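Asks: Next up is a structure, given as structure tokens.
Residue numbers (my numbering): 10 to 257.
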């Protein structure tokens, strides 16, 4: 019965041409309209929410979900600009901070440089199709791209600028994704509520000299993003670097 109700709800959304953010009937209203139990309604709505068709907001109701962008940033060394463009979207960056600062201990460790070495600190609020999507903090040794603080990065790929203007080509890197919650400042930037889920993407990228040239932290809205990874099972997998790291 819940599967039939799911199909009816999807057809109703299509028939009424509801848009992301439009409200649909709640539990009690659906029970009354379709003469089914609340258990059936809850199961149908839970599956539709898991499939990204609807989103339920506590205390507000049930709404048509905004589509999530499936990002391939984990499996390949691309930037968000290239990843969004490859999917037909438009990315715009609002540069919140771009200056040279001394590297703190964490940044210095990521970039394999002495503490207090001058690095370029770049903070950007990034919009996909004019909606705030991700907040990023990037660090690059100043010696690698000394003129970067004067570049306009509003509608340009940082990786393209590094390669075309400074001859820096990223060849490999290490990236990790973990669940986090937005603090008050991050929530204001991303247009979400404090405590809402975000996906924290951390990365260190290396250039052709095999030295780190970039480290960044990107906080992606959990309600708008998902990471997509293509998998292949090797015939003979030997022990190596663990793919799943559990932290406490």
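Beta carbons are placed, not taken as given, at the ideal position from N, Cα and C, and that holds for glycine.
Keep in mind it's a predicted model, so treat the numbers as computed, not measured.
Let me know the secondary structure DSSP gives residue 12 once reduced to three states.
Replies: If DSSP states are grouped into helix, strand and coil, residue 12 belongs with the helices.
Asks: Is there contact between the segment 195–210 and the segment 149–164, where contact requires at least three CB pairs shorter than 8 Å?
Replies: The segment 195–210 vs the segment 149–164: no contact.
Asks: For residue 129, which residues does DSSP report across the bridge?
Replies: BP columns for residue 129 point to 109 and 149.
Asks: If you pair each beta-carbon of the segment 213–229 with each one of the segment 166–181, do three or more pairs fall below 8 Å?
Replies: In short, these stretches touch, since the Cβ pair count reaches three.
Asks: Between the C-alpha atoms of residue 108 and residue 182, what's the straight-line distance to the nearest angstrom?
Replies: Cα to Cα, residue 108 sits roughly 24 Å from residue 182.
Asks: In chain order, what residues of the same chain have a beta carbon less than 7 Å from the beta carbon of residue 10, not counting five sequence neighbours either side?
Replies: 45 and 49, listed in sequence order.
Asks: Output yes or no for whether 8 Å exceeds the beta carbon distance between residue 184 and residue 220.
Replies: It is not a contact, given that the beta carbons lie outside the stated cut-off.
Asks: Give the DSSP-derived three-state secondary structure of residue 165 in the structure shown.
Replies: Correct three-state label for residue 165: coil.
Asks: Which residue spans inside the segment 161–205 form an unbroken alpha helix (DSSP H) run of at least 4?
Replies: Entirely contained in the segment 161–205, the alpha helix (DSSP H) runs reaching 4 residues are, in chain order, 167–175 and 193–199.
Asks: Specify whether the segment 110–123 and the segment 190–199 touch according to this definition: at least 3 beta carbon pairs, one from each stretch, less than 8 Å apart.
Replies: Contact fails: fewer than three Cβ-Cβ distances are below 8 Å.
Asks: Buried or exposed: which applies to residue 102, given that a residue is buried once 16 or more other Cβ atoms fall within 10 Å of its Cβ?
Replies: The residue in question, residue 102, is buried, as its Cβ has 16 or more Cβ neighbours within 10 Å.
Asks: What did DSSP end up calling residue 71 once you bin it into helix, strand or coil?
Replies: Three-state DSSP puts residue 71 in a strand.
Asks: Please list the terminal residues of the continuous alpha helix (DSSP H) segment that includes residue 47.
Replies: It spans 47–59 - the alpha helix (DSSP H) in which residue 47 sits, taken as one unbroken run.
Asks: Taking buried to mean at least 16 other C-beta atoms within 10 Å of its own C-beta, is residue 2 buried or exposed?
Replies: As displayed, the chain neither begins before 10 nor continues past 257, which places residue 2 out of reach and without an answer.
Asks: Between the C-alpha atoms of residue 175 and residue 233, what's the straight-line distance to the nearest angstrom?
Replies: Their backbone Cα atoms lie some 33 Å apart in a straight line.
Asks: Using the Cβ count rule (16 or more neighbours within 10 Å means buried), how would you classify residue 223?
Replies: When all chains shown are included, residue 223 counts as buried.
Asks: Taking just the CA atoms, how far does residue 225 sit from residue 179?
Replies: When rounded, the distance between both Cα atoms is 14 Å.
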